[in-house]
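Quick note on my numbering: the sequence shown kicks off at 278 and runs consecutively. Worksheet: one structure, shown below.
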Amino acid sequence: MSSFLTGVDQRTSLAGMNRMELLLFTIRGKQLFGINVFKVREVIRTPEISPVPKSDSRVVGVADIRGKTMPMIDLAKALDLEPIAPDAYSKSLTIVTEFNSSIQGFLVEDVDRIVHLRWEDILAPPDSLQSVNYLTGITRAQNQIVEIVDVEKVLVEVSGVTKENMSEEYISRNTETTKGHGYFVLGADDSMVARRQLKGVLDKMGIDNKIVNNGKLALDFLKKWADEADEGGSKVGERVLMVISDIEMPEMDGYTLTSSIRKDDRLKDLYVILNSSLSGGFNDTLTEKVGANAFISKWHSDELAEAIVARIKEVE
């Protein structure tokens, strides 16, 4: 077990093109759940937990990990499953995750293994379930269904780490620049919370938009407009101000989406921003490698709005 846990920590620095490594774990019973290894700093035996008065019931307390205090979240309770009993904490494992330099621990029953998958092997949850569950994708491993947890949705409900922070002052100051000019932005993100936040930013700025839940849908949308242009319609570059894409998504990730855009002569000049909660220097390296114009950390609404305004001024 110790070598396996060390391996998880070492492999978080890996990045691929439309490929991902999924850490499989159990919460209750035999059902397998998954989380992208890129989000995982390490897996440890659950340390001693100190309770926090008046905290969200899913936050069972805080723990000291190598001199840093982090919230401890019972993932079972967050997913409306039977929570881990306090007297069983010492027998559980903690998946330590990092989002935009924010560190938190998720208590789970056990960790299984890491599997290597292609993003096209990950299917989005049915549309009818996307607003009521905590999944970003579904796949198969070891001859059974694996449910990929929308950890970002859990975090926003538990602690508000993804709370939109775009100031009303900034919006009003740039209204003349952004509203009423027919600008259009295409977004892609597998997290329902992230899609809602991105749409909220664009709507407040008065920018027409369409937000889809994976890179393949975004590429299909762009190619449809490109086909219309081939038949005499407006060029895609004249209709789309920019594409804002998450990096890790079912069916097609943001890196592959960007590469595909650059390979299509009808789309290659589109302005692309990659937007992710994944931490690590590999973001900047791969952003440049695939030809994206910029990388912005998720949940930084002001930064995203500033990038949109800057792009509008550049176009004008």
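Every residue, glycine too, gets a C-beta built ideally from N, C-alpha and C. All values derive from a computational prediction rather than experimental measurement.
Measuring CA to CA, which of 499, 523, 516 and 479 is closest to residue 491?
Nearest of 499, 523, 516 and 479 to residue 491, Cα basis: 523.
Next on the checklist: Between the alpha carbons of residue 497 and residue 319, how many angstroms are there, rounded?
Outcome noted: Going from the Cα of residue 497 to the Cα of residue 319 covers about 37 Å.
Exercise. Rounded to the nearest angstrom, how far is the Cβ of residue 352 from that of residue 391, given a contact under 8 Å?
Worked result: Going by Cβ atoms, the distance from residue 352 to residue 391 rounds to 18 Å, so no, they are not a contact pair.
Self-check item: Per-residue burial, residue 311 [other beta carbons within 10 Å of its own, 16 or more giving buried]
Solution: That one is buried.
Short check: CB of residue 350 to CB of residue 435, under 7 Å?
Cβ atoms of residue 350 and residue 435: closer than 7 Å.
**Request:** Can you grab the Cα-Cα spacing for the pair residue 499 / residue 505, in whole Å?
**Result:** Looking at the backbone, the Cα of residue 499 and that of residue 505 are separated by about 10 Å.
Checklist entry - What does DSSP give as the partner residues of residue 464 in its beta bridges? => result Paired residue(s): 488 and 521.
_If we require 3 or more residues per run, which beta strand (DSSP E) segments fall completely within the stretch 357 to 408?_
Within the stretch 357 to 408, the complete beta strand (DSSP E) segments at least 3 residues long are 370 to 376, 379 to 385 and 387 to 395, listed from N- to C-terminus.
The beta strand (DSSP E) that contains residue 341, what's its start and end?
Looking at the DSSP string, the run of the beta strand (DSSP E) that includes residue 341 is 336 to 342.
Are residue 472 and residue 466 close, meaning C-beta to C-beta below 7 Å?
The answer is yes: Cβ separation under 7 Å.
Problem - residue 333 versus 433, 393 and 398, residue with shortest Cα-Cα distance - result: Out of 433, 393 and 398, 433 has the C-alpha closest to the C-alpha of residue 333.
**Q.** Proximity to residue 534 [Cα-Cα], best of 495, 519, 330 and 344
**A.** Minimum Cα distance to residue 534 is reached at 495.
Subject >> For residue 581 and residue 478, believed in contact at Cβ under 8 Å, the rounded distance >> reply: Contact flag correct, Cβ pair sits at about 6 Å.
With burial defined as no fewer than 16 other Cβ atoms inside 10 Å of the residue's Cβ, what is the status of residue 553: buried or exposed?
-> Only buried fits residue 553, as 16 or more other CB atoms lie within 10 angstroms of its CB.
Checklist entry - Counting pairs of beta carbons, one from the stretch 507 to 515 and one from the stretch 373 to 386, are three or more of them closer than 8 Å? => result Taking a contact to require three or more Cβ pairs closer than 8 Å, the stretch 507 to 515 and the stretch 373 to 386 do not qualify as touching.
**Prompt:** Can you name the start and end residues of the alpha helix (DSSP H) that residue 346 belongs to?
**Reply:** Note, residue 346: premise wrong, no alpha helix (DSSP H); beta strand (DSSP E) at 345 to 351.
request  = Please state whether DSSP places residue 474 in a helix, a strand or coil.
outcome  = Residue state, collapsed to three classes: helix.
* **Assigned secondary structure, residue 584 (DSSP; H/G/I helix, E/B strand, else coil)** => It is helical.
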